[in-house]
Structures are given as C-alpha cells and as structure tokens.
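Undergrad:
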Amino acid sequence: MKHRIAVIPGDGIGPEVIEEGIKVLKAIAQAVDELEFEFKYFPWGCEYYLKERKMMPNDGLEKLKGFEAIYLGAIGDPRIPDHISLRDLLLKIRFGFDQYVNLRPVKLLEGVFCPLKDKGPKDIDFVVVRENSEGFYTGVGGRYQKGSSEHLRYAGISKVFADSEELVTQEGIFSQIGVERVIRYSFELARKRKKHLTCCTKSNALNYCMVYWDEVFKKVSEEYPDVETDFAFVDAICMWFVKNPEFFDVIVAPNLFGDIITDLGAMIQGGMGLAPGANINPKGISMFEPIHGSAPKYAGKNVANPIASIWTAQMMLGELGEIEGAKRVMAAIEDVLRQGKIRTRDRGGSSKTTEVGDVIAEKIRNLGC
Numbered sequence: 000m001k002h003r004i005a006v007i008p009g010d011g012i013g014p015e016v017i018e019e020g021i022k023v024l025k026a027i028a029q030a031v032d033e034l035e036f037e038f039k040y041f042p043w044g045c046e047y048y049l050k051e052r053k054m055m056p057n058d059g060l061e062k063l064k065g066f067e068a069i070y071l072g073a074i075g076d077p078r079i080p081d082h083i084s085l086r087d088l089l090l091k092i093r094f095g096f097d098q099y100v101n102l103r104p105v106k107l108l109e110g111v112f113c114p115l116k117d118k119g120p121k122d123i124d125f126v127v128v129r130e131n132s133e134g135f136y137t138g139v140g141g142r143y144q145k146g147s148s149e150h151l152r153y154a155g156i157s158k159v160f161a162d163s164e165e166l167v168t169q170e171g172i173f174s175q176i177g178v179e180r181v182i183r184y185s186f187e188l189a190r191k192r193k194k195h196l197t198c199c200t201k202s203n204a205l206n207y208c209m210v211y212w213d214e215v216f217k218k219v220s221e222e223y224p225d226v227e228t229d230f231a232f233v234d235a236i237c238m239w240f241v242k243n244p245e246f247f248d249v250i251v252a253p254n255l256f257g258d259i260i261t262d263l264g265a266m267i268q269g270g271m272g273l274a275p276g277a278n279i280n281p282k283g284i285s286m287f288e289p290i291h292g293s294a295p296k297y298a299g300k301n302v303a304n305p306i307a308s309i310w311t312a313q314m315m316l317g318e319l320g321e322i323e324g325a326k327r328v329m330a331a332i333e334d335v336l337r338q339g340k341i342r343t344r345d346r347g348g349s350s351k352t353t354e355v356g357d358v359i360a361e362k363i364r365n366l367g368c
C-alpha cells in the first residue's frame with residue numbers, strides 16, 4: 000500500500016532528525032512487500048514566519064487535507080515568541096484536524112541509562128493519553144484594566160483583585176464530548192495493554208472542570224468492568240513517576256497536566272531524545288512529532304539524537320495499519336540501543352545524527368529487523 004505523508008521539517012534540529020526518520024521509513028518500505036511512501040515537504044515554521052509574518056499559509060490546512068498523516072520535526076526559534084509558533088502552527092493543525100488524542104509512550108529500553116535508582120525496563124513501560132483539543136489551551140481569556148466591566152466582575156473575589164490595575168484570566172474549557180471521547184479512547188487502549196487506567200486530575204483544587212472530568216471518568220468506567228481504575232492528583236503522579244513508575248499502565252490527563260507530566264516521563268525513559276509523540280484523530284488525519292523542542296543551538300551540527308523522531312515514525316506506521324513495519328522498526332531501534340555502540344552526545348557518546356539513522360536503516364534492510 001502507498002501512503003501519502005506530509006512532511007513539515009520545521010526549525011532548529013527538526014530538519015535533521017526528521018530526515019533520519021524518513022531514511023528509516025524508506026528502508027522499511029524496501030523490506031516490507033507492497034509498502035510505499037510518497038513524501039511532500041512543506042517549508043513552514045519560524046523561518047517561514049520571518050519572511051511571510053505567519054507560520055503557515057492561510058490555506059495551509061487545506062493543503063494538508065489530501066494526506067494520510069503529517070510528520071513534523073520541531074517548531075521554535077528564539078526570534079519568534081513561543082506562543083506565536085505554538086498557536087499559529089502546532090495548535091492550528093491539532094485543532095484544525097481535531098487531533099484530540101496526544102499519545103506519549105513512556106518506555107525505558109534496554110541499554111538506556113535511567114536516572115532512577117534500581118529501576119529498569121521492566122519498571123518503566125506506560126502510556127500517557129493527553130487530551131489535545133481543549134482545556135486551558137483553547138486561547139480563551141483576556142487582560143482587563145481597572146474600571147472595565149470585566150475587571151469589576153472579578154474585583155469582588157478579593158481585595159488584591161479589586162486593588163490591582165490589571166487582571167488577567169486564562170479559561171479552561173471542557174466539553175462533554177471532548178472529555179468523554181478521550182477517556183473512552185484511553186479505556187480502549189488499556190484493554191489492549193495491562194487493563195489498568197489512571198485518571199490524572201486536580202479535582203481537590205479545581206472545583207468545576209476537574210470534578211466534572213472525574214465524574215465523566217467514573218461514568219465511562221462502568222462500561223469497562225474489565226479495566227482496573229484509580230484516580231491520582233497531578234502532583235502525586237509526578238511523585239509516583241519517580242518513586243513507583245511500575246505502578247502505571249495507561250494514564251489519561253487533561254491537556255495542561257498531560258503536557259507537564261510527559262516531560263517528566265521523557266526524562267525517566269532516558270531523555271527528550273528518546274521520547275516520541277503523536278497527535279491522533281482516530282478517524283481522520285493525525286500528526287506525528289517527537290516531544291523535544293527545536294534546540295536551535297545544536298542545529299546544523301549533526302549531533303542531535305534522532306531516535307525520538309524515528310520512534311515517532313514507528314508510531315505513524317502503527318496508526319497507518321502497517322503493523323509488521325512498525326514491529327520491525329521498533330526491533331531495530333531496540334537492537335541499536337541494546338548494543339550501545341552508537342550513542343549521540345545526549346547519551347554520553349559522539350555518534351552523529353546521520354550515523355544513528357544509517358545504522359537503524361541498515362539493520363532493517365540487511366538483518367531482517
């Protein structure tokens with residue numbers, strides 16, 4: 000089968016790591032019968048913004064509609080405020096294609112150093128399902144000067160509010176459909192794994208949105224009696240990631256909390272260079288991107304670890320239904336890490352970005368991974 004993939008290399012190290020992912024995808028296409036890819040590149044990102052004053056063209060979403068998936072490197076440049084690069088490209092694509100699931104595996108592979116004492120691959124193997132389309136990332140809120148009707152609305156809450164010259168709000172919006180569908184997705188995923196799902200909220204402090212989230216979770220859980228469930232506040236989850244990561248299987252979290260805890264998850268699995276991610280619409284176009292940033296100071300030096308990007312490509316294969324290809328790519332990644340001969344600077348080695356891609360691609364082509 001031939002798959003059409005839109006490629007957005009992005010900024011910083013993005014173009015370098017994504018090329019290694021494409022190198023591996025081309026290798027798996029050679030190794031698996033009737034598997035083909037057609038890649039089309041889109042030069043969007045911060046460099047595009049500096050020329051055009053926008054992160055992507057006005058009809059950018061329309062241009063992406065004809066593809067099965069989007070493969071993205073990294074976005075960000077110190078010359079462009081982060082809220083612009085995030086909202087005008089990444090969030091625009093996520094929201095535009097209703098990619099309501101942000102899937103982030105946290106899995107420590109053999110041969111990778113873990114900063115947690117006495118923890119190994121058998122202890123760190125879980126998945127965070129982050130709600131990806133609403134919550135505090137919808138961009139709703141404002142800045143209100145003293146004397147405005149909005150300022151007066153909040154002034155009665157406290158004397159500090161009343162006396163302040165400016166008040167700022169950021170609203171979290173949670174819908175019945177949005178909350179229910181991501182929780183249901185998480186239950187279905189848990190059924191395919193160890194049948195254990197943890198609900199991550201902060202309902203002791205956020206007395207509307209998080210209480211509602213917990214209520215929906217309890218209601219949906221009645222349809223999945225075979226899945227063990229528990230609740231944990233986000234601060235407790237951060238503690239347990241460090242103390243007892245083996246407790247977790249699947250975690251479902253609102254947008255903001257999921258964003259935060261998955262960075263911690265990345266570090267206990269070996270670092271950002273080993274952390275893949277996917278923005279999924281189960282019935283539409285999904286976007287696949289490693290969770291690391293653009294790291295502009297390392298751009299063009301051929302030193303960035305591309306494994307997160309390659310692992311992300313492996314996730315894309317799975318979502319496209321290419322299960323055999325996904326298994327082979329994962330086996331090649333694991334083999335390279337297990338042997339420990341090829342290590343980039345973030346893992347204490349001196350291997351180049353291109354070397355990592357070359358070795359993984361070679362294993363796929365020649366060793367039957």
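Just so you know, numbering that gives the first Met the number 0 puts 174 at position 175 of the sequence shown, and the rest follows in order with no gaps.
All C-beta atoms in this analysis are idealised placements derived from N, C-alpha and C, irrespective of residue type, glycine included.
Would Met0 be called buried (16 or more neighbouring beta carbons within 10 Å of its own) or exposed?
TA: Its Cβ having fewer than 16 others within 10 Å, Met0 is exposed.
Undergrad: Pick helix, strand or coil for Glu35, following the three-state DSSP scheme.
TA: DSSP places Glu35 in strand when its eight states are reduced to three.
Undergrad: Taking Gly140 as the reference, which of Ile279, Phe66 and Thr168 has the closest Cα?
TA: Answer by Cα proximity: Thr168.
Undergrad: Taking only beta-carbon positions, decide if Gly138 is within less than 8 Å of chain D.
TA: Although the question refers to chain D, the structure presented lacks it and comprises just one protein chain.
Undergrad: Strictly by DSSP, which residues pair up with Ala68?
TA: Beta-bridge pairing links Ala68 to Ile4 and Ser285.
Undergrad: Tell me the DSSP bridge mates of Arg129?
TA: In the DSSP output, where bridge partners are listed per residue, Arg129 has Asn101 and Ala252.
Undergrad: Looking at the structure shown, is Leu263 part of a helix, part of a strand, or coil, going by DSSP?
TA: Leu263 falls in the helix class under three-state DSSP.
Undergrad: Name the DSSP beta bridge partners of Ile182, please?
TA: Answer is none; Ile182 lacks a bridge partner.
Undergrad: Give me the Cα-Cα distance between Glu37 and Phe232, rounded to the nearest whole angstrom.
TA: Near 44 Å, if we compare the C-alpha coordinates of Phe232 and Glu37.
Undergrad: For Leu166, list the residues DSSP reports as bridge partners.
TA: In DSSP, Leu166 forms a bridge with Tyr143.
Undergrad: Quick one: Cα of Phe240 to Cα of Asn203, how far?
TA: Taking the straight line joining both Cα atoms gives about 20 Å.
Undergrad: So, for Val31: in the same chain, excluding its five sequence neighbours on each side, which residues have a beta-carbon less than 8 Å away from its beta-carbon?
TA: Contacts found: Glu321, Glu323, Gly324 and Arg327.
Undergrad: Flag this pair as yes or no: are the beta carbons of Gly177 and Glu133 separated by less than 8 Å?
TA: In contact: Gly177 and Glu133 (Cβ atoms closer than 8 Å).
Undergrad: Taking C-alpha atoms, which residue in Ser163, Ser185 and Ala252 lies nearest to Ser375?
TA: There is no way to answer for residue 375, as the model of the chain reaches only from 0 to 368.
Undergrad: Are the Cβ atoms of Glu288 and Leu71 separated by less than 8 Å?
TA: Yes, the pair counts as a contact, with Cβ atoms nearer than the cut-off.
Undergrad: Can you tell me whether Lys106 is buried or exposed, with buried defined as 16 or more other CB within 10 angstroms of its CB?
TA: Buried, since its Cβ has 16 or more Cβ neighbours within 10 Å.
Undergrad: Can you tell me whether Pro114 is buried or exposed? The criterion is at least 16 other CB atoms within 10 Å of its CB, across all chains shown.
TA: Pro114 is exposed by the Cβ-count criterion.
Undergrad: Tell me whether the region 83-91 and the region 114-126 touch, counting them as touching only if at least three CB pairs, one residue from each stretch, are closer than 8 Å.
TA: Verdict: no, contact absent.
Undergrad: Which residues mark the beginning and the end of the beta strand (DSSP E) in which Ala231 is found?
TA: Ala231 -> beta strand (DSSP E) spans Glu227 to Phe232.
Undergrad: Look up Lys158 in the DSSP assignment and say whether it is helix, strand or coil.
TA: DSSP places Lys158 in helix when its eight states are reduced to three.
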